[in-house]
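First the structure, in the form of C-alpha cells, and then the observations on it.
In my numbering, the protein residues as written are 1 to 180.
Structure below.
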C-alpha cells in the first residue's frame, strides 16, 4: 500500500479562498519545508529509502524536488458555528515506506508556518469521511454526496416527490393500559 499524499491541514491564515491566496499558501509551505532543518535532516538520514524516482536528482535538490509537488486546496468548515478556512496540503510522498512517510508528515506538521497573514499551524486531522473514506474532509461535505443520483439524492430532481407519509397512530384512538 502506497503512502497517502495528504500531508496536512493548515489553519490560522487569515485569507479568503482565492487563487492568489492559494498560491501564497503554497509558496509558504514549499519554502518552509525546503528550508526546515528537521526536514533536511530527514532527507539526509533516509537517502537509501527515498522514492526511486528521487534517485535521479542530486541530494541537494531532493527537498526542492519533493516540495515542488505541493498542491493546496481550500476547504470551508464550520467550527463553533463560524465558517473557517482550512488549507489542505498535498505532496507526493518522498518515500514508499509508509513508516518513513508518516515520520515525514509528523515533521512537516511540527513546522510553524508564520507569515504576515497569520500563523499557520497543522490542524489535527480527525476527518474520516464515512462515505468515501477520505481523510481530507468531513462526511457532511463529501463531494460524492453532490453527484446526481448518488445515495439518497433523487436521480431525476425535476419530478416532485408525491409520497405523503402519515404519522403513526393517526385516526386511531390511543392505546390504554388496563389496571391490574
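Using N, Cα and C, we set each Cβ at its ideal position, and we do this for glycine too.
Predicted model only: the values in this text are computed from it and were never measured.
Does the Cβ of residue i have 16 or more other Cβ atoms within 10 Å, making it buried, or fewer, making it exposed?
{"i": "residue 155", "result": "For residue 155, the pLDDT reaches just 47, beneath the cut-off of 50, and the residue's location in the model is therefore unreliable, although a value from the coordinates is still provided. Residue 155 should be labelled exposed."}
{"i": "residue 144", "result": "exposed"}
{"i": "residue 130", "result": "exposed"}
{"i": "residue 81", "result": "exposed"}
{"i": "residue 114", "result": "exposed"}
{"i": "residue 55", "result": "exposed"}
{"i": "residue 83", "result": "exposed"}
Please list, in chain order, all residues of the same chain as residue i whose beta carbon is under 8 Å from its beta carbon, the five residues on each side excluded.
{"i": "residue 183", "result": "Absent from the structure is residue 183, since the part of the chain shown begins at 1 and ends at 180."}
{"i": "residue 92", "result": "5, 51, 66 and 69"}
{"i": "residue 76", "result": "17, 83, 84, 85 and 86"}
Please state whether DSSP places residue i in a helix, a strand or coil.
{"i": "residue 83", "result": "strand"}
{"i": "residue 71", "result": "strand"}
{"i": "residue 131", "result": "coil"}
{"i": "residue 17", "result": "coil"}
{"i": "residue 155", "result": "Low confidence applies to residue 155: its pLDDT is 47, below 50, so where it sits in the model is not reliable, and the reading given next is rough at best. In this structure, residue 155 counts as coil in the three-state DSSP scheme."}
{"i": "residue 36", "result": "coil"}
Tell me residue i's beta-bridge partners as DSSP assigns them.
{"i": "residue 57", "result": "Its beta-bridge partners do not exist; DSSP assigns none."}
{"i": "residue 122", "result": "10"}
{"i": "residue 98", "result": "None, per the DSSP bridge assignment."}
{"i": "residue 89", "result": "8 and 72"}
{"i": "residue 108", "result": "Note: residue 108 sits in no beta bridge, so no partner."}
{"i": "residue 44", "result": "According to DSSP, residue 44 bridges with nothing at all."}
{"i": "residue 77", "result": "84"}
Whose C-beta lies closer than 6 Å to the C-beta of residue i among residues of the same chain, with five residues either side of it excluded?
{"i": "residue 1", "result": "Unreliable positioning characterises residue 1 in this predicted model, as indicated by a pLDDT of 44, which lies under 50. The coordinate reading is nonetheless provided below. Closer than 6 Å at Cβ, skipping near neighbours: no residue."}
{"i": "residue 29", "result": "70 and 89"}
{"i": "residue 78", "result": "none"}
{"i": "residue 61", "result": "none"}
{"i": "residue 182", "result": "The structure shown does not extend to residue 182, since the chain is modelled only from 1 to 180, so the question has no answer here."}
For residue i, which residues of its own chain have a beta-carbon under 7 Å away from its beta-carbon, when the five flanking residues on both sides are left out?
{"i": "residue 22", "result": "72 and 74"}
{"i": "residue 57", "result": "65"}
{"i": "residue 26", "result": "70 and 72"}
{"i": "residue 7", "result": "89, 90, 91, 105 and 108"}
{"i": "residue 139", "result": "129, 130 and 131"}
Looking at residue i: is its Cβ nearer than 9 Å to the Cβ of residue j?
{"i": "residue 100", "j": "residue 49", "result": "yes"}
{"i": "residue 94", "j": "residue 44", "result": "no"}
{"i": "residue 24", "j": "residue 15", "result": "yes"}
Taking Cβ positions only, does residue i come closer than 9 Å to chain D?
{"i": "residue 36", "result": "Absent from the structure is chain D; it holds one protein chain and no more."}
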